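Please read the structure below before turning to the comments.
Number of protein chains: 4
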Amino acid sequence: MLKTAVVGTGFIGSVHAKNVARHPGTELAAVYDANLDFAKRAAATTGTKAVADVAEIFDNPEIQSVVIATPTNTHVEYLRRAAQAGKAIYCEKPIGLDYQEAEQAVEAVRAAGVPVMLGFNRRFDPNHAALREEVKSGAVGNLEIIQMTSRGPNLPPISYLATSGGQLRDQTVHFFDLLRWISEDEAEEVYAFGAALVDPKVAEVGDIDTSIVTLRLSRGTLCQIDSSRRTGYGYDERIEVFGSKGLVESRRQRARGVSRYVGDKVIEDGLHAGWFERIEQSYYQALDAFVSAITNGTPPSPSLEDGLKAQLLADKATESLKSGQPVKFAK
Amino acid sequence: MLKTAVVGTGFIGSVHAKNVARHPGTELAAVYDANLDFAKRAAATTGTKAVADVAEIFDNPEIQSVVIATPTNTHVEYLRRAAQAGKAIYCEKPIGLDYQEAEQAVEAVRAAGVPVMLGFNRRFDPNHAALREEVKSGAVGNLEIIQMTSRGPNLPPISYLATSGGQLRDQTVHFFDLLRWISEDEAEEVYAFGAALVDPKVAEVGDIDTSIVTLRLSRGTLCQIDSSRRTGYGYDERIEVFGSKGLVESRRQRARGVSRYVGDKVIEDGLHAGWFERIEQSYYQALDAFVSAITNGTPPSPSLEDGLKAQLLADKATESLKSGQPVKFAK
Amino acid sequence: MLKTAVVGTGFIGSVHAKNVARHPGTELAAVYDANLDFAKRAAATTGTKAVADVAEIFDNPEIQSVVIATPTNTHVEYLRRAAQAGKAIYCEKPIGLDYQEAEQAVEAVRAAGVPVMLGFNRRFDPNHAALREEVKSGAVGNLEIIQMTSRGPNLPPISYLATSGGQLRDQTVHFFDLLRWISEDEAEEVYAFGAALVDPKVAEVGDIDTSIVTLRLSRGTLCQIDSSRRTGYGYDERIEVFGSKGLVESRRQRARGVSRYVGDKVIEDGLHAGWFERIEQSYYQALDAFVSAITNGTPPSPSLEDGLKAQLLADKATESLKSGQPVKFAK
Amino acid sequence: MLKTAVVGTGFIGSVHAKNVARHPGTELAAVYDANLDFAKRAAATTGTKAVADVAEIFDNPEIQSVVIATPTNTHVEYLRRAAQAGKAIYCEKPIGLDYQEAEQAVEAVRAAGVPVMLGFNRRFDPNHAALREEVKSGAVGNLEIIQMTSRGPNLPPISYLATSGGQLRDQTVHFFDLLRWISEDEAEEVYAFGAALVDPKVAEVGDIDTSIVTLRLSRGTLCQIDSSRRTGYGYDERIEVFGSKGLVESRRQRARGVSRYVGDKVIEDGLHAGWFERIEQSYYQALDAFVSAITNGTPPSPSLEDGLKAQLLADKATESLKSGQPVKFAK
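Right, dumping it as structure tokens:
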């Protein structure tokens with residue numbers, strides 16, 4: 063059975079640790095966190111050991127794979143170290159805050175020849191995956207319009223936004239990846255409108271909280287992604303693909319299926335309170351795909367290159383946002 | 063063009079008068095009501111003449127068809143007169159309050175050989191009609207369970223209930239007809255549970271306001287019809303047919319298609335405020351079917367016999383309600 | 063009772079003629095069409111007279127109001143003539159093909175001081191109207207994102223497109239009007255992406271059939287309108303308004319409410335086959351608003367100025383489409 | 063931490079074992095199955111030990127609680143033994159096949175004074191639980207009509223049916239419990255219609271596969287439960303409570319949230335393939351309630367008495383089915 067360690071046991075790292083622990087194809091060999099108390103807590107609830115020095119993981123030849131779930135600014139370093147140690151890697155997105163640095167990390171990992179999967183877990187949401195199957199089957203024909211909605215329930219702390227790279231790199235990047243994955247196409251042109259409509263403090267740290275990005279793909283598909291950092295109604299995610307033969311939609315999800323009919327209204331349960339409740343299941347599915355790929359010796363997907371390409375889209379969209387002009391991609 | 067007169071211009075008679083006036087295949091020749099003022103008002107809004115004596119309609123050889131929309135206790139008389147005068151007849155349901163009397167009227171009409179259609183307009187609701195088409199096409203296979211919901215928004219006046227024949231004869235009778243029409247089968251056994259849960263005054267006049275009727279049809283299908291005289295949320299009508307290959311449902315209808323997402327709820331527009339808003343369209347469709355049948359010389363449907371059979375179901379269900387025992391139908 | 067004439071009895075003119083005929087607050091005094099046979103047909107089904115010379119309408123002092131439903135290139139002329147004759151006017155959109163000419167017609171009408179309503183009938187769709195009421199009530203707070211979908215079932219004839227002014231002026235213009243009406247705000251900037259994805263012949267006549275228009279309004283709201291000339295699934299219209307307190311949506315409408323559960327699918331009735339089935343009701347509502355305004359002596363809405371402003375939006379969006387650059391509106 | 067053993071590791075016992083293993087408030091001390099291989103398999107995937115003799119569980123003072131998930135005909139024996147050993151007990155439903163025997167087991171357990179919870183896990187379905195909260199809050203007023211649908215995807219093996227006690231005792235019993243739990247009321251009268259419509263072999267073993275049960279509760283509520291052993295479209299469960307102020311519904315659940323619009327249809331993902339996919343989550347929620355109750359020293363619910371009362375309802379409904387007459391409950 064594949065022995066896996068989890069590096070970084072904050073919120074998402076702890077989720078990965080639990081998933082590794084309960085997955086029948088892999089066992090949780092160790093956990094590490096810069097804060098040893100965090101690591102110990104995660105170890106206690108999963109029945110594994112916490113290590114105080116991450117080298118105990120990288121230098122342990124029995125550990126075959128690692129999940130990197132540390133803060134983004136350490137991804138590149140851990141990717142390099144894990145690659146040099148010959149581990150299979152599951153790395154949380156994004157690769158790095160800086161595109162050039164990320165590109166170099168990818169080079170290094172590629173040179174080491176280890177299998178790496180990037181944690182774009184939304185690809186494993188059963189609804190989005192079913193939508194993509196419909197698209198791939200040709201059921202909607204040639205793709206003409208793609209619409210995506212990405213709206214989080216609450217504005218993150220301003221301190222977080224200040225170092226996040228901006229809404230398009232931090233939030234919308236997931237949807238840039240979904241767009242490439244669903245369309246199996248690449249962007250030729252992007253234009254972004256954005257503003258700090260939720261809170262003027264967002265503008266003070268140079269960020270936006272509300273945006274509409276439009277893109278044209280190489281085969282002509284027109285795309286639109288709207289993002290908001292704060293809804294008044296939970297976590298809102300929706301994808302719609304319109305093609306020459308029809309439309310397929312991954313609908314807004316309701317937290318529960320209860321309706322109340324009263325007076326002239328029907329009151330139903332709303333959306334999930336947060337992004338995690340909505341897509342929790344996809345983390346396990348993503349890990350499962352990683353374990354299968356490593357066990358079977360096939361390349362895991364999404365790849366680090368997918369991560370780089372989504373980051374490039376986010377960078378170009380950010381460039382458009384700043385210049386107020388559409389940006390074309392070099393061919 | 064078919065010349066049609068409307069006898070009785072209360073609420074539903076006025077609806078018929080307007081529909082006759084705007085239907086391209088027939089023209090409104092005259093209207094009559096026991097209350098001449100009512101007739102004059104209907105005549106004014108439809109551009110026809112009001113007659114003070116109904117004989118002016120029955121004796122006028124140019125008038126080829128009549129719509130009977132008078133109070134139920136006069137249906138039998140007008141059916142006989144119209145039949146004797148050789149008119150094609152569209153008669154509002156029910157045929158009469160008393161089953162024996164109704165049976166005799168049917169005999170008389172049959173003897174006269176005129177075409178008659180009974181106004182079970184719900185058969186012409188586009189949703190129910192589409193459900194029946196699915197059933198007839200075999201899409202759900204052999205019918206195993208049929209469920210119907212019939213719930214009106216407000217308790218009618220107690221004075222109305224006192225002479226209505228009871229909930230099963232007055233309200234549920236429409237669904238007894240729909241059941242026969244959808245299943246193309248006849249009941250073998252019926253059991254009814256009922257009570258005055260809405261208002262004890264309903265019990266004082268010997269009626270109920272809430273009921274569940276279960277039936278077994280000759281080919282084995284099990285059926286359930288629940289009826290209420292008062293919802294807190296508008297007019298609620300729903301049909302579900304479960305068969306060996308699947309399920310088909312004519313869903314609850316919403317008055318409008320607007321959703322509001324706020325907090326942890328989604329608030330949508332509710333059902334139609336009343337039965338008329340919900341099924342208004344079916345009156346025109348029913349008239350259209352009548353005009354087509356008369357014009358083409360084909361027998362109109364639903365027939366008077368359909369009316370009799372639905373009344374028999376209502377009578378037997380009422381018998382079960384009173385005895386507290388299931389009632390079997392003679393073969 | 064208000065005496066109204068209908069000028070132009072093609073498809074939409076005939077709809078107006080029928081609605082005038084059945085509206086209790088107005089009567090249909092006459093109809094005119096350049097093709098007298100068309101006018102005679104409309105007259106026959108509505109019980110009015112057809113006139114061979116439109117002057118018989120404009121010169122008749124008993125006719126108080128006119129509905130102009132002729133081809134767009136004659137609107138300006140008839141607007142002038144009707145205004146000079148002192149008639150109240152209901153004019154089909156758009157005012158004219160050319161913005162300058164339209165502006166001059168508006169001046170002329172304003173000088174005459176007659177009441178004029180522009181036929182942006184979608185404002186009277188009960189669903190869109192309910193959405194706007196929610197927005198006006200403050201239920202969704204400050205508007206942050208508005209999304210609109212406008213997709214017709216079938217590509218119109220290429221010959222029609224060649225003289226239509228282009229997709230943004232001909233199709234999307236309705237949604238530019240809805241956008242102004244719902245937001246009660248004006249655009250500051252617009253950017254349009256478009257292409258002939260449905261049929262290359264559309265490009266040959268200089269038009270597009272698929273587009274995404276993004277706009278920024280003066281109070282910061284970000285907007286997106288996608289338009290297609292051809293779906294594979296009927297007529298698709300949807301509006302979503304996202305604000306600081308929640309979301310309100312005027313949903314896709316289904317033609318009927320029937321569901322079939324079979325295997326691992328639920329098959330439901332789809333959208334309306336065409337735009338007319340979807341919004342037919344709004345024509346009557348719009349006429350009703352016109353009749354009420356004229357009868358009560360209040361200014362009808364939407365006004366000619368609303369028409370001009372929607373045309374300006376369409377012009378600027380078309381300019382952006384051609385230049386490939388965002389276009390800002392002069393303050 | 064509460065030490066729990068699982069007795070019986072067939073399909074549902076294995077689910078319980080996994081849930082105990084991952085629940086933070088309890089640990090899985092041992093598993094037992096009459097088939098030691100089954101027990102070993104369950105032990106391997108949960109990291110616990112398998113015991114060959116169930117006495118190793120009952121005699122081990124460190125084990126504080128047991129989950130009984132063996133075949134129904136052994137429940138009574140294990141309930142007695144666990145009670146005598148002073149364990150807290152979570153027992154799968156039903157208590158026993160025979161009502162008298164079950165009653166005696168309840169006496170014995172009551173005498174021992176140990177806390178016992180009966181595994182009516184549907185009470186912990188988040189949708190049904192939310193419906194009940196609405197009902198308890200008074201949101202729908204006095205209960206007038208309750209409708210429940212219980213339809214499984216596939217006919218179980220005839221050999222299973224032959225010893226199951228019949229559809230009403232084996233399948234519908236869950237809904238008898240839900241009915242009592244939601245209404246907080248007891249039945250006064252029951253009438254059942256049933257037949258073998260799916261497969262005549264079902265009749266050969268004296269059972270039915272399709273039924274409609276109607277009940278009247280002591281406060282007047284009229285209830286209807288329809289059950290089928292085989293749909294053509296997955297697992298179908300639905301509850302609707304109609305009261306004096308409105309309606310609340312726990313809707314049919316869809317397996318995924320994807321819609322395809324094509325032609326004149328909308329094709330959506332259907333229901334869950336089986337009952338387990340639909341209510342899997344409720345097993346963990348039920349265990350969680352049990353662990354909380356035991357840890358906090360509060361009585362767990364649903365109780366053994368709840369189990370007895372649901373069995374009594376099933377018995378009386380079966381009596382009605384056989385006699386063809388309504389059955390009243392002794393007060």
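So the sequence lines, in the order shown, correspond to chains A, B, C and D.
Going by my numbering, the first residue of the first sequence is number 63, and it counts up by one from there.
Going by my numbering, the first residue of the second sequence is number 63, and it counts up by one from there.
Going by my numbering, the first residue of the third sequence is number 63, and it counts up by one from there.
Going by my numbering, the first residue of the fourth sequence is number 63, and it counts up by one from there.
Quick reminder that beta carbons are idealized off the backbone N, C-alpha and C, glycines included.
As the structure is a computational prediction, the values presented were derived from the model and not from experiment.
Item to complete: Could you work out which residues of chain B lie near C/G308, taking near to mean beta carbons separated by less than 7 Å?
Response: Within the third sequence, the letter at position 246 stands for residue 308 of chain C. By Cβ distance, chain B contributes R322, Y323, V324.
Worksheet item: Should C/R313 be flagged as near chain D, meaning a C-beta pair shorter than 9 Å?
Response: Looking up residue 313 of chain C in the third sequence gives position 251. By this cut-off, C/R313 is not an interface position.
Worksheet item: Where do the N-terminal and C-terminal ends of the beta strand (DSSP E) with D/L333 fall, by residue?
Response: Translated into positions along the fourth sequence, residue 333 of chain D becomes position 271. From DSSP, D/L333 is part of no beta strand (DSSP E); its letter is neither H nor E.
Worksheet item: Does any CB atom of chain B fall closer than 9 Å to the CB of A/D331?
Response: In the first sequence, the residue the question calls residue 331 of chain A occupies position 269. Taking Cβ atoms only, chain B reaches closer than 9 Å to A/D331, which makes this a yes.
Item to complete: Buried or exposed for B/I220, please, with buried defined as at least 16 other CB atoms from any protein chain shown within 10 angstroms of its CB.
Response: On the second sequence, position 158 is the one that residue 220 of chain B refers to. By the 10 Å Cβ count, B/I220 comes out exposed.
Discussion item. Just verifying my parser: in three-state terms, what is the DSSP assignment at A/V260?
Written reply: Numbered from 1 along the first sequence, position 198 holds the residue referred to as residue 260 of chain A. Here A/V260 sits in coil by DSSP.
Worksheet item: Residues bridged to B/S212 by DSSP?
Response: In the second sequence, counting from the first residue as 1, residue 212 of chain B sits at position 150. DSSP output for B/S212 lists B/S289, B/E299 as bridge partner(s).
Discussion item. By the three-class DSSP mapping on this structure, what secondary structure does B/E89 have?
Written reply: If you number the second sequence from 1, residue 89 of chain B lands on position 27. It is a strand residue.
Worksheet item: Between the stretch 202 to 222 of chain B and chain C, which residues of the former have CB atoms less than 8 Å from a CB of the latter, in chain order?
Response: So the close ones are V202.
Item to complete: Report yes or no: is there a C-beta of chain A within less than 9 Å of the C-beta of B/D288?
Response: Counted from its first residue, the second sequence places residue 288 of chain B at position 226. No - not a single Cβ of chain A is within 9 Å of the one on B/D288.
Worksheet item: Sorted by chain position, which residues of the same chain lie with C-beta nearer than 6 Å to D/F120's C-beta, five sequence neighbours on each side aside?
Response: Working through the fourth sequence from its first residue, we reach residue 120 of chain D at position 58. Once the five neighbours on either side are set aside, the close Cβ partners of D/F120 are R143, A147.
Worksheet item: Name the chain A residues whose beta carbon is nearer than 8 Å to that of D/T107?
Response: Here residue 107 of chain D refers to the residue found at position 45 of the fourth sequence. Ordered by position in chain A, the residues that pass the 8 Å Cβ test against D/T107 are P86.
Fill in: Opening and closing residue of the alpha helix (DSSP H) in which C/R142 lies
On the third sequence, residue 142 of chain C is found 80 positions in, with the first residue counted as 1. It spans 137 to 146 - the alpha helix (DSSP H) in which C/R142 sits, taken as one unbroken run.
Discussion item. Below 8 Å, how does it come out for the stretch 315 to 330 of chain B and the stretch 294 to 311 of chain D: are there three or more Cβ pairs, yes or no?
Written reply: no
Worksheet item: What residue ranges within the stretch 98 to 126 of chain B form continuous alpha helix (DSSP H) runs of no fewer than 4 residues, ordered along the chain?
Response: 98 to 108, 117 to 120
Worksheet item: So which residues of chain C does B/G319 contact, with C-beta pairs closer than 7 Å?
Response: For this step, residue 319 of chain B is matched to residue 257 along the second sequence. Within 7 Å Cβ-Cβ: N189, S312, R313, Q315.
Worksheet item: Since B/E342 meets chain C, which of its residues come closer than 8 Å, beta carbon to beta carbon?
Response: Walking along the second sequence from the start, residue 342 of chain B turns up at place 280. Under the 8 Å cutoff, chain C gives no residues; its nearest Cβ is about 12 Å from B/E342.
Fill in: Under 9 Å by beta carbon: chain A residues contacting B/G296
Working through the second sequence from its first residue, we reach residue 296 of chain B at position 234. Simply Y323, G325, D326.
Worksheet entry | D/G339 at chain A interface by Cβ criterion, 9 Å | Here residue 339 of chain D is taken as the residue at index 277 of the fourth sequence, counted from 1. Per the sequence shown, the amino acid found at residue 339 of chain D is Glu instead of Gly. At least 9 Å separates the CB of D/E339 from every CB of chain A.
Worksheet entry | Amino acids of chain A, ordered along the chain, whose beta-carbon sits closer than 8 Å to that of B/A96 | Position 34 of the second sequence, counted from the first residue, corresponds to residue 96 of chain B. Ordered by position in chain A, no residue passes the 8 Å Cβ test against B/A96, which lies about 36 Å from the chain.
Discussion item. List, in chain order, every chain D residue whose beta-carbon is nearer than 8 Å to that of C/A335.
Written reply: Within the third sequence, the letter at position 273 stands for residue 335 of chain C. Those are D326, listed as they occur along chain D.
Worksheet item: Taking only beta-carbon atoms, is B/V260 less than 9 Å away from chain D?
Response: For the purposes of this step, residue 260 of chain B is identified with residue 198 of the second sequence, where counting begins at 1. Yes - at least one Cβ of chain D is within 9 Å of the one on B/V260.
Worksheet item: Closest Cβ-Cβ distance between D/L193 and chain E: below 9 Å?
Response: In summary, chain E is missing from the structure at hand, where the protein chains are A, B, C and D.
Discussion item. Pull the bridge partners of B/L284 from the DSSP assignment, please.
Written reply: For this step, residue 284 of chain B is matched to residue 222 along the second sequence. The partner list for B/L284 (beta bridge, DSSP) reads B/I207, B/R278.
Worksheet item: Quick one, which of A/H137, A/I207, A/L349 has its alpha-carbon nearest A/V303's?
Response: Taking the first sequence and counting its residues from 1, the one referred to as residue 303 of chain A is at position 241. Considering only alpha carbons, the answer is A/I207.
Item to complete: Mind reading off the beta-carbon distance from D/G336 to D/P156? Whole number of angstroms is fine, and I expect it under 8 Å.
Response: As a first step, residue 336 of chain D is located in the fourth sequence; it is residue number 274 there, counting from the start. As a first step, residue 156 of chain D is located in the fourth sequence; it is residue number 94 there, counting from the start. Contact flag wrong, Cβ pair sits at about 20 Å.
Worksheet item: At a CB-CB cut-off below 8 Å, which residues of chain A make contact with D/E196?
Response: Translated into positions along the fourth sequence, residue 196 of chain D becomes position 134. The answer, in chain order, is V320, R322.
Discussion item. Taking 8 Å as the cut-off, is the beta-carbon of D/P219 closer than that to any non-hydrogen atom of the ligand SAM?
Written reply: Inclusion of the ligand SAM in the displayed structure is not the case, the ligand content being empty and no account of it being possible.
Practice prompt. Sort B/V275, B/E89, B/R316 by Cα distance to B/Y297 and report the nearest one.
Written response: If you number the second sequence from 1, residue 297 of chain B lands on position 235. The option with the nearest alpha carbon to B/Y297 is B/R316.
Item to complete: Use the C-beta contact count for B/E169: other C-beta atoms within 10 angstroms, 16 or more gives buried, fewer gives exposed.
Response: Start at 1 with the first residue of the second sequence, and residue 169 of chain B comes out as number 107. Exposed, since its Cβ has fewer than 16 Cβ neighbours within 10 Å.
Worksheet item: Are the CB atoms of C/G87 and C/S344 nearer to each other than 9 Å?
Response: Here residue 87 of chain C refers to the residue found at position 25 of the third sequence. Here residue 344 of chain C refers to the residue found at position 282 of the third sequence. Not a contact, by the Cβ cut-off of 9 Å.
Practice prompt. State yes or no: is the beta carbon of D/Q387 nearer than 9 Å to at least one beta carbon in chain B?
Written response: As a working note, residue 387 of chain D is residue 325 in the fourth sequence. Output row for D/Q387: interface = yes.
Discussion item. Do D/P215 and D/R318 have their beta-carbon atoms positioned less than 9 Å apart in this structure?
Written reply: The residue you call residue 318 of chain D lines up with position 256 of the fourth sequence. The residue you call residue 215 of chain D lines up with position 153 of the fourth sequence. No, Cβ-Cβ distance for D/R318 and D/P215 is not below 9 Å.
Practice prompt. Reducing DSSP to helix, strand and coil, say where B/F391 ends up.
Written response: Locating residue 391 of chain B in the second sequence gives position 329, where the first residue counts as 1. Coil.
Fill in: Which listed residue (B/Q126, B/V176, B/A249, B/E246) has its alpha carbon closest to that of B/P361
Counting from 1 along the second sequence, the entry for residue 361 of chain B is found at position 299. For the residues B/Q126, B/V176, B/A249, B/E246, the minimum Cα distance to B/P361 belongs to B/V176.
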